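Structure, as structure tokens:
Number of protein chains: 2
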Amino acid sequence: MAHEMTDLNLRQFAGYNLKRVYLLVHADLMKSLEPLGLRTMTFSALNVVAENPNLTQSQLAQTLKIERSGVVVLVDELENTDLISRNRVEGDRRSYALHTTPEGAALLAKANQVVHAHEDKIFSDLSQNERDTLRGLLGRIDTPKTQT
Amino acid sequence: MAHEMTDLNLRQFAGYNLKRVYLLVHADLMKSLEPLGLRTMTFSALNVVAENPNLTQSQLAQTLKIERSGVVVLVDELENTDLISRNRVEGDRRSYALHTTPEGAALLAKANQVVHAHEDKIFSDLSQNERDTLRGLLGRIDTPKTQT
DNA sequence: TATTGTTATACTCTATAACTATA
DNA sequence: TATAGTTATAGAGTATAACAATA
Chain W
1 MAHEMTDLNL
11 RQFAGYNLKR
21 VYLLVHADLM
31 KSLEPLGLRT
41 MTFSALNVVA
51 ENPNLTQSQL
61 AQTLKIERSG
71 VVVLVDELEN
81 TDLISRNRVE
91 GDRRSYALHT
101 TPEGAALLAK
111 ANQVVHAHED
121 KIFSDLSQNE
131 RDTLRGLLGR
141 IDTPKTQT
Chain A
1 MAHEMTDLNL
11 RQFAGYNLKR
21 VYLLVHADLM
31 KSLEPLGLRT
41 MTFSALNVVA
51 ENPNLTQSQL
61 AQTLKIERSG
71 VVVLVDELEN
81 TDLISRNRVE
91 GDRRSYALHT
101 TPEGAALLAK
111 ANQVVHAHED
121 KIFSDLSQNE
131 RDTLRGLLGR
141 IDTPKTQT
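Here the protein sequences line up with chains W and A, keeping their order.
Residue 44 in full-length UniProt numbering sits at position 44 of the first sequence; the count goes up by one each step and never skips.
Residue 89 in full-length UniProt numbering sits at position 89 of the second sequence; the count goes up by one each step and never skips.
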């Protein structure tokens, strides 16, 4: 076997490290959620619906920063597994009010625990303090600018 | 317009912030590299080839953590634009020794500047110190375990 | 038998655009 | 005219598996 090759020049870029870690985290998160029948995006969607009862699909799209067409698939999946439901809105028959079912809320509680355990594992090389720092720094970069 | 919806529960997870920031960074990086005729992965590949002259495609795959079949496409693209070249290796006619052309080295120098400017912009809400902290924390999570 | 590079294929994720029904 | 949801489609990006040449 030849020498180990290096990526030192790329390592100076935060973005390169960011991508490597993201892929690592995403792969492990996927495996962690799989036993619950969730994917990373259905987990996120379920989370946002639980936090914002009766939001519409368009609002969910905006919050998750994805297109409305993508939300349809997520909501379909969550509705087919009885985790959330689409409810008609009085006054506007175009949109749905989404909310979690009792099963959805119960599964979400479990999923949140699973994801916490996943992060404990994947970030185990960092102290709790460092993890908070990381989360804080990342949160400041992706600041949702308030729309007018 | 209705109230702003929240993703506060997801925000407690480092992974969620990580993904949001990664998508943000990646989209801007792509736009930044486009005028140079590079994609994020060809930029990375060019970088690693320049840093490790005469490495093989398999070694490049290992360094970038992608499959060998994916490297073929990247190297094809870089070779077709005369940025790197595949050279036969004496002693093993299965593999190629990759190295940058003068044009490749020149373009890489320009690209590195572009990417620095891109990061200055995208991470402008962080101080230089905080950016270093971020990069350091990320680097510690994705630690390439030394293979036996 | 194992490895390098290659090809063909498929899969996931997501965006775009066109459509419908409502407003 | 504009908006919510939907559908169909296409494009990245990447992985898997099978193959030829070479070791």
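Using N, Cα and C, we set each Cβ at its ideal position, and we do this for glycine too.
Note that the structure is predicted; figures quoted are calculated from it, not measured.
Among the residues facing chain A, residue 6 of chain W is included, as its CB has a counterpart in that chain under 9 Å away. The beta carbon of residue 86 of chain W does not come within 9 Å of any beta carbon belonging to chain A, so the residue lies off that interface. Chain A places no beta carbon closer than 9 Å to that of residue 57 of chain W, leaving this residue out of the contacts. Sequence-distant partners of residue 71 of chain A (beyond 5 residues in either direction) whose C-beta falls short of 7 Å from its own C-beta, in its chain, are 57, 60, 61. Contact check for residue 125 of chain W and residue 140 of chain A: beta-carbon distance about 5 Å, within the 8 Å limit, so the pair qualifies. When W/92, W/97, W/102 are compared, the shortest CA-CA separation from residue 75 of chain W is found for W/97. Chain-ordered, the chain A residues with CB closer than 8 Å to the CB of residue 125 of chain W read 140, 141, 143.
In this model, residue 19 of chain W and residue 26 of chain A are separated by some 8 Å (Cα to Cα). In the three-state DSSP reduction, residue 39 of chain W falls in the coil class, being neither helix nor strand. For residue 107 of chain A, the nearest beta carbon of chain W is not closer than 9 Å to its own beta carbon. Around the Cβ of residue 91 of chain W, a 10 Å sphere holds fewer than 16 other Cβ atoms; the residue is exposed. The beta carbon of residue 96 of chain A sits no closer than 9 Å to any beta carbon of chain W.
In the DSSP annotation of this structure, the continuous segment of the beta strand (DSSP E) that includes residue 92 of chain W starts and ends at 92 to 100. Chain-ordered, the chain W residues with CB closer than 7 Å to the CB of residue 21 of chain A read 18, 138, 141, 142. By the rule that beta-carbons nearer than 9 Å mark a contact, residue 117 of chain A does not touch chain W. Residues of chain W whose Cβ lies closer than 7 Å to the Cβ of residue 15 of chain A are, in chain order, 25, 29, 119. Residue 85 of chain A: member of the beta strand (DSSP E) spanning 84 to 89, first to last residue. Remark: three or more beta-carbon pairs, one from each stretch, lie closer than 8 Å, so the region 79 to 87 of chain W and the region 101 to 114 of chain W are flagged as touching. CA-to-CA, the gap between residue 40 of chain W and residue 113 of chain W works out to about 14 Å. Contact annotation: residue 17 of chain W and residue 138 of chain A have beta-carbon atoms nearer than 9 Å. Beta-bridge partners of residue 55 of chain W (DSSP): W/98.
Taking 8 Å as the upper bound for CB-CB distance, residue 5 of chain W and residue 55 of chain A are in contact here, some 5 Å apart. Interface flag for residue 110 of chain W against chain A is unset, since no Cβ pair is found closer than 9 Å. Interface annotation, residue 68 of chain A: not in contact with chain W, CB-CB separation never under 9 Å. In the DSSP annotation of this structure, the continuous segment of the alpha helix (DSSP H) that includes residue 141 of chain A starts and ends at 128 to 141. When the beta-carbon positions are compared, residue 53 of chain W and residue 118 of chain W stay at least 9 Å from each other. When secondary structure is reduced to three states using DSSP, residue 30 of chain W falls in the helix class.
Proximity of residue 72 of chain A to chain W, defined by a Cβ-Cβ separation below 9 Å, is not satisfied. In the three-state scheme derived from DSSP, where H, G and I count as helix and E and B as strand, residue 12 of chain W is classed as coil.
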